[in-house]
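Written below as structure tokens is the structure these notes are about.
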Amino acid sequence: MTTVSVKTDLLRLPLTGGDYFVFALDHHLRCAGFQGNICRLVLRLDGRLNVESLQNALHRCASLDTLANLCVKRRLPFALPYWFDKDRKSPLTITEHRTTLARNDAFDPCELSAAQPLDPRKSPAVAFDMVQYADEKTDLILTWHHTLMDARGAEALLMQIANPDANIALFDRDSCPCDYLPQNVHLNALPKKVQKIVFARKSLVFIEQVHRHPLATLTGSNRKQCPNEHSYIPISFSEEETIAIDARSERLDARFYTSLFILSAVVRAFHIIRCHRGDNADAYVVPVPLDVRKRGAFGPIVSNHVTFLFYRIEPDDAANMETLVAVLKQQMVSQLRLNYHQAFSTAMSMFRHLPLGLYAEILRRPSRGAMASFFFSHTGENLNNAEEFLSVPIADLWHLAPVPVPPGAAVISGRFRKRLWLVLSSAVGYLTDAEQQLFKNTVRAELLGERQK
Amino acid sequence: MESFVSDVTGICHELLGFLRANVLAKSVECDENTRLSSIGVDSLALVEILLFIERRFKISVPDSHLTRKNLETIQALAHCVNQLLLNKKCGDVHSE
Chain F
558 MTTVSVKTDL
568 LRLPLTGGDY
578 FVFALDHHLR
588 CAGFQGNICR
598 LVLRLDGRLN
608 VESLQNALHR
618 CASLDTLANL
628 CVKRRLPFAL
638 PYWFDKDRKS
648 PLTITEHRTT
658 LARNDAFDPC
668 ELSAAQPLDP
678 RKSPAVAFDM
688 VQYADEKTDL
698 ILTWHHTLMD
708 ARGAEALLMQ
718 IANPDANIAL
728 FDRDSCPCDY
738 LPQNVHLNAL
748 PKKVQKIVFA
758 RKSLVFIEQV
768 HRHPLATLTG
778 SNRKQCPNEH
788 SYIPISFSEE
798 ETIAIDARSE
808 RLDARFYTSL
818 FILSAVVRAF
828 HIIRCHRGDN
838 ADAYVVPVPL
848 DVRKRGAFGP
858 IVSNHVTFLF
868 YRIEPDDAAN
878 METLVAVLKQ
888 QMVSQLRLNY
898 HQAFSTAMSM
908 FRHLPLGLYA
918 EILRRPSRGA
928 MASFFFSHTG
938 ENLNNAEEFL
948 SVPIADLWHL
958 APVPVPPGAA
968 VISGRFRKRL
978 WLVLSSAVGY
988 LTDAEQQLFK
998 NTVRAELLGE
1008 RQK
Chain L
957 MESFVSDVTG
967 ICHELLGFLR
977 ANVLAKSVEC
987 DENTRLSSIG
997 VDSLALVEIL
1007 LFIERRFKIS
1017 VPDSHLTRKN
1027 LETIQALAHC
1037 VNQLLLNKKC
1047 GDVHSE
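Below you can see the structure in the form of structure tokens.
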């Protein structure tokens, strides 16, 4: 295992294809007037966590110094972008917010985002917020720029902070391949670089096909003048409800396709919203990230170790869960069988040489700017199902995703201590309160198999 | 019966080889009796294993065989694959 943790080795470690892909999305978000590709992980603690306790834990976590110093550089145009350790102590901020209110299920971190314009070109790209409620409860919010790490990396970082002896690697490129060669004997005679180009092109042709115009978005053709902010709607399920959801997914032959089952319910919810708007003619296109880390080990922390699968759902297929699950299963298996996920990973790796603006333009082009109908990600089992963080019991865990306009909406889901959760992120102004409620009700009803009232 | 057992052993060996090379982190130890869920083998990894079975043994595992029991360990999966191979062999003999 080549674990890089010494500062001299860290200098000029190239970004992964996944890192640069999310960096291009950051460019897209900034062009649309948003703050950038900034993610959040919310730990809802059932007790009070003091700033001093967190500060002490951060001081004990050696890798955090390096993490706070990392920034993205590129020496020459078209050269590979790389992580650069400034080797200068950057202040890592912990901002405490005190409120006289008790905590309830509602959560509105919009005001936090205004205070943290994180930029990976200037470190640090990580920050902490703590919301202290009147009823002795705390929300700990880890905010980071997506280029620095993915959701799994952020969870690994929290585990490292909670347990300094865990020794979770900061970097480990061996366990996360991103550059693949095609498994095609006819191409073996060609130089490896040419093989990679041929392989990457295969995925791009497929993506052009999937993203063909027109595709459904919540924003439609009218892009309103709205504040560039996000609203978040968490949907939580109890342990008993999660068992019922698993049983229903089993009945629909989707027990081994958890993320597809959840995605099906989300597509149904968006489809119903669009039907209510009288606009249900176009197909849904959803890119779904795939974790390429080797299984069984936690980490590494830095970098995005993902590739993508791309789904296209025609409106007729969104009529019921049974059809949706079958269609998505078929598309997933066929993409994995043809190695499109590896081909796209290779393409992302090659695109690292492009300037960000050009890359973002290439990503927008097949769908004429929309990129997707919405973004979706399932984060799997969260935080190793930890019971406590720094000796304070954890009540809930949510990931919050940024979303550009278009498409205007993203859904992120996961499972924490046997309880399923989802969070709908939407750009303020593109979903009415009634539509947000309809989304919540439909997702619950479809996952649980209940008839909507 | 002897050949049945040795076939299962061979299939186990191939499945473990694929698992170690393509799915699991180097630090993870596993053998044919390790519970797959305990070493982080999630649904996507299972699909990758099923596609490997399809490529290597030229059979597909039908949904009806994707039971909790069959996917608990590599040993259980190897028995399932072996059974499907035997069924296929019988089918081939009958069609001749």
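In order, the protein sequences belong to chains F and L.
With the first letter of the first sequence counted as 1, position 208 gets the number 765 in this note's numbering; the numbers rise by one all the way through.
With the first letter of the second sequence counted as 1, position 7 gets the number 963 in this note's numbering; the numbers rise by one all the way through.
The beta carbon of each residue, even a glycine, is placed where N, CA and C say it ideally should be.
Query                                                                                                                                : Result
Any chain F beta carbon closer than 8 Å to residue 981(L)                                                                            : yes
Amino acids of chain L, ordered along the chain, whose beta-carbon sits closer than 9 Å to that of residue 815(F)                    : 998 and 999
Whether residue 939(F) touches residue 971(F) by CB criterion (8 Å)                                                                  : yes
Residue 667(F) classed as buried or exposed, judged by whether at least 16 other C-beta atoms fall within 10 angstroms               : Residue confidence for residue 667(F) is low, a pLDDT of 46 falling below 50, so the modelled location carries little weight; the figure read from the coordinates is stated next. Exposed, since its Cβ has fewer than 16 Cβ neighbours within 10 Å.
Cβ pair count under 8 Å reaching 3, the region 630–639 of chain F against the region 853–867 of chain F                              : no
Proximal residues, the region 798–813 of chain F versus chain L, C-beta separation under 7 Å                                         : 810 and 813
Proximity winner among 604(F), 832(F) and 849(F), relative to residue 875(F) (alpha-carbon distances)                                : 832(F)
Rounded C-alpha distance that separates residue 688(F) from residue 652(F)                                                           : 9 Å
Contact set between residue 1030(L) and chain C, taken where Cβ atoms lie within less than 8 Å                                       : Of the protein chains in this structure, namely F and L, none is chain C.
Three-state secondary structure assigned by DSSP to residue 627(F)                                                                   : strand
Where the region 824–857 of chain F meets chain L: residues whose CB sits under 8 Å from a CB there                                  : 847, 848, 850, 851, 852, 853 and 854
Rounded C-alpha distance that separates residue 949(F) from residue 604(F)                                                           : 6 Å
Rounded C-alpha distance that separates residue 929(F) from residue 843(F)                                                           : 6 Å
Minimum length 3: unbroken beta strand (DSSP E) runs contained in the region 771–857 of chain F                                      : 787–793 and 841–848
Residue-chain proximity (residue 995(L), chain F), Cβ-Cβ < 8 Å                                                                       : yes
Identity of the residues DSSP links to residue 950(F) by a beta bridge                                                               : 945(F)
Pick from 816(F), 767(F), 719(F) and 758(F) that is closest to residue 904(F), judged by C-alpha positions                           : 758(F)
Where residue 549(F) falls: helix, strand or coil (DSSP)                                                                             : Because chain F in this structure spans residues 558 to 1010, residue 549(F) falls outside the shown range and cannot be described.
Nearest-angstrom beta carbon gap, residue 677(F) and residue 704(F) [assumed within contact, 8 Å]                                    : 4 Å
Residue 573(F), buried or exposed, once every other Cβ within 10 Å from all chains shown has been counted against 16                 : buried
CB-CB length for residue 596(F) against residue 957(F), believed under 8 Å                                                           : 7 Å
Residue 905(F): first and last residue of the uninterrupted alpha helix (DSSP H) it sits in                                          : 897–908
C-beta contact flag for residue 863(F) and residue 846(F) at 8 Å                                                                     : yes
First and last residue of the uninterrupted alpha helix (DSSP H) at residue 996(L)                                                   : Where residue 996(L) is concerned, there is no enclosing alpha helix (DSSP H), given that its DSSP letter is neither H nor E.
Rounded straight-line distance, which links the Cα of residue 750(F) to that of residue 794(F)                                       : 48 Å
Range of the contiguous beta strand (DSSP E) that encloses residue 686(F)                                                            : 683–689
Three-state secondary structure (DSSP) of residue 1044(L)                                                                            : helix
Rounded separation between residue 966(L) and residue 1003(F) - CA only                                                              : 43 Å
Which of helix, strand or coil DSSP assigns to residue 967(L)                                                                        : helix
Which of helix, strand or coil DSSP assigns to residue 725(F)                                                                        : coil
Chain-order list of residues whose beta-carbon lies under 6 Å from that of residue 650(F) (same chain, five-residue window excluded) : 684
Where residue 982(F) sits in the DSSP three-state scheme                                                                             : strand
Under 9 Å from the C-beta of residue 516(F): neighbouring residues of chain L                                                        : Within the shown structure, residues of chain F are numbered from 558 to 1010, placing residue 516(F) beyond reach of any answer.
Near-chain L residues of the region 865–889 of chain F - C-beta to any C-beta below 8 Å                                              : 889
Of the listed residues 660(F), 584(F), 612(F) and 638(F), nearest to residue 952(F) (C-alpha basis)                                  : 660(F)
DSSP state of residue 652(F) mapped onto helix, strand, coil                                                                         : strand
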